[in-house]
Amino acid sequence: MAATGIELPENNSVSNAAEKVDDPWHMLVHWDDLPHWQQDNHYIQTGYRKASYSYSRSLQSILHWHNESVNIWTHLLPATLCLPFAIFLYNALKPRYEQASQADVIAMGCFFCGSAFCLGMSAFFHTLSNHSPSVAGLWNQLDYAGISMLIAGSFVPSVYYGFYCHPVKQRTYWAMICTLGIACTTMSILPHFKTPAWRPYRALMFIGMGISAIFSVFDGLKMFGWEDMEKQIGLSWLVLQGTLYILGAGLPGFQKHGTLESSITWALHTRSSMS
2 MAATGIELPE
12 NNSVSNAAEK
22 VDDPWHMLVH
32 WDDLPHWQQD
42 NHYIQTGYRK
52 ASYSYSRSLQ
62 SILHWHNESV
72 NIWTHLLPAT
82 LCLPFAIFLY
92 NALKPRYEQA
102 SQADVIAMGC
112 FFCGSAFCLG
122 MSAFFHTLSN
132 HSPSVAGLWN
142 QLDYAGISML
152 IAGSFVPSVY
162 YGFYCHPVKQ
172 RTYWAMICTL
182 GIACTTMSIL
192 PHFKTPAWRP
202 YRALMFIGMG
212 ISAIFSVFDG
222 LKMFGWEDME
232 KQIGLSWLVL
242 QGTLYILGAG
252 LPGFQKHGTL
262 ESSITWALHT
272 RSSMS
């Protein structure tokens, strides 16, 4: 039988599907396969997302498992719950503290707003860090601005209640922490500030901002003593908060090889290698 000469069209859908199976956009890659702008922490070698150049794909990666998953979810969940919890707490405590003024609400609101902003910015940064150099850089700056907001927001209520009858001292310490916060945020805009080489300096800067609280604490201890400060601001809890802030800033900033290879990190690596 003679050939008809009719050529069947190439099955592009099949070939495209094969390409997607071989190289899906959400397939994880090794450190060595990353573009330079994604290479931030060489102690973590596996589980990286490819550069997406797409907000949609980066946001979809929230539902996939990779080496930013824990960072994303441990910031995203508390960020979404922070303000609703503040409203719940306000409604629960309002009947018990009928004499509380609007200033009391604003002071505590600064803490919750600072917490929500910090956690939200960090969640978005870790989610969009694989988008592109410009987008990753922008959200990295907002992440650092969020840290400044958290520290300043935590500072406001402790100074407010610690020096409740001393408005001059309140304004003095608030001006100090706001100035430091603006300085830290301004520093975070500098391009070289985001590079891995500057990681220890970033840590020192935010540790210094957190440690600045000791001036108001020592002043309060001198004026009122430990017992009264414990009643006024829960001083022991404030010390714990400051310790956690320092650890949170210091551990990533001064990491050494192997120090962060915890069971969680290895679980991430194992799960990533199975993907």
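Here the sequence shown stands for residues 2 to 276, numbered as in our numbering.
Just so it is clear, CB atoms sit at the ideal spot from N, CA and C, and this is done for glycine as well.
Simplified DSSP assignment, three categories, for residue i
i          : result
residue 98 : coil
residue 49 : strand
residue 23 : Any reading at residue 23 is ruled out, since the residue's pLDDT is 47, under 50, leaving its predicted position unreliable.
residue 83 : helix
Classification of residue i by the beta-carbon crowding that lies within 10 angstroms, buried from 16 upward
i           : result
residue 55  : exposed
residue 156 : buried
residue 127 : buried
residue 161 : buried
residue 43  : exposed
residue 203 : buried
residue 121 : buried
residue 141 : buried
residue 144 : buried
residue 103 : exposed
residue 171 : buried
Rounded separation between residue i and residue j - CA only
i           : j           : result
residue 240 : residue 28  : 44 Å
residue 154 : residue 197 : 27 Å
residue 77  : residue 245 : 19 Å
residue 85  : residue 227 : 33 Å
residue 211 : residue 152 : 6 Å
residue 45  : residue 217 : 39 Å
residue 65  : residue 59  : 10 Å
residue 73  : residue 124 : 5 Å
residue 89  : residue 235 : 21 Å
residue 101 : residue 95  : 8 Å
residue 168 : residue 231 : 20 Å
residue 278 : residue 166 : Any property of residue 278 remains undetermined from this structure, which presents the chain solely from 2 to 276.
residue 110 : residue 221 : 23 Å
residue 201 : residue 82  : 31 Å
residue 184 : residue 75  : 27 Å
residue 189 : residue 135 : 15 Å
residue 192 : residue 163 : 38 Å
residue 22  : residue 215 : No answer about residue 22 holds up, because its pLDDT of 41 lies below 50 and its placement is not dependable.
Residue i: CB within 7 Å of a non-hydrogen atom of the ligand COA
i           : result
residue 241 : As for the ligand COA, it is missing from this structure, which has no ligand bound.
Min CB distance residue i to chain B below 8 Å
i          : result
residue 32 : The structure shown contains no chain B, having only a single protein chain.
Notebook entry, point to check: Contact between the stretch 55 to 71 and the stretch 105 to 115: three or more CB pairs below 8 Å?
Noted result: no
Notebook entry, point to check: For the 8 Å Cβ check, are there 3 or more pairs between the stretch 44 to 53 and the stretch 124 to 140?
Noted result: yes
Notebook entry, point to check: Which runs of the alpha helix (DSSP H) fall wholly inside the stretch 166 to 191 and span at least 4 residues, in chain order?
Noted result: 168 to 190
Note to self: Just to confirm the assignment: which complete alpha helix (DSSP H) runs, minimum length 4, are found wholly within the stretch 196 to 258?
What the structure shows: 200 to 212, 214 to 234 and 236 to 254
Check: Curious, which full-length alpha helix (DSSP H) runs of at least 4 residues does the stretch 107 to 165 contain?
Finding: 134 to 163
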